[in-house]
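Here's the structure we're looking at; comments come further down.
Residue numbers (our numbering): 43 to 244.
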């Protein structure tokens, strides 16, 4: 039996057809519906910018078991080459967590530890062979997305990050151990900024 990864996170993005005044009650319902699967935080983001008639919610769940088992228990399926399925009421029918939920996306992360850096963190690249080869030793770069080798056992996965060099369109990937914090942060994308020190996305 494979050991559980010390760091496990299931994230969900949900869209509900409901007026803004129902946001607090809906968030509470979603929290209660997800609680049997593990520790959960639900954030109400208000009307979704692309479809303002829908409310946007984000949930971060620390599952009791593996992230993949949790996602399957929630009704998602893994599709090779595509990742975890999406749920959409017009296509799938039925109800997902609450009758007002119109659509949902989900994914999971499992590694030896939570990512040290978040999307938008400014970091300094340490002097190492890979950094010298890329011409980035000592440079300050902006963290994009954390990634890991999914072929590695979840309990032993370590993080690499896509990093953005100011003034360049291309990104490079560097190991977490080769980066040190510069103490600053920028908004890089209009999506979730990252994962806080408690393992919860913000």
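Where is the CB? At the ideal position from N, CA and C, for every residue including glycine.
- In the three-state reduction of the DSSP assignment, residue 217 falls in the strand class, which pools E and B.
- Annotation for residue 89: 62, 95, 96, 97, 98 place their beta carbon closer than 8 Å to its own, counting only its chain and skipping 5 residues before and after.
- Distances from the alpha-carbon of residue 51 to those of 79, 143, 175, 58 put 79 closest.
- For residue 63, there is no enclosing alpha helix (DSSP H), since its DSSP letter is neither H nor E.
- Annotation for residue 86: the continuous beta strand (DSSP E) segment containing it runs 80-89.
- Between residue 155 and residue 223, the C-beta gap is not smaller than 8 Å, which leaves the two residues out of contact.
- Residue 151: member of the beta strand (DSSP E) spanning 143-153, first to last residue.
- Between the stretch 177-187 and the stretch 201-220 there are three or more C-beta pairs closer than 8 Å, enough to call the two in contact.
- Beta-bridge partners assigned by DSSP to residue 98: 57, 88.
- Assigned with DSSP and collapsed to three states, residue 45 falls in coil, not helix or strand.
- The DSSP-derived three-state label of residue 132 is helix.
- Between residue 221 and the set 164, 107, 190, the nearest pair of CA atoms involves 164.
- For residue 163, DSSP records a beta bridge to 227.
- For residue 207, DSSP records no beta bridge to any residue.
- When the beta-carbon positions are compared, residue 54 and residue 115 stay at least 8 Å from each other.
- The count of Cβ pairs closer than 8 Å, one atom from the stretch 100-109 and one from the stretch 130-138, stays below three, leaving the stretches out of contact.
- In this structure residue 125 is exposed. Its beta-carbon is surrounded by fewer than 16 other beta-carbon atoms within 10 angstroms.
- Straight-line spacing of the CA atoms in residue 217 and residue 230 works out to 20 Å.
- Of 73, 127, 227, the smallest CA-CA separation from residue 102 is found for 73.
- The bridge partners DSSP lists for residue 51 are 151.
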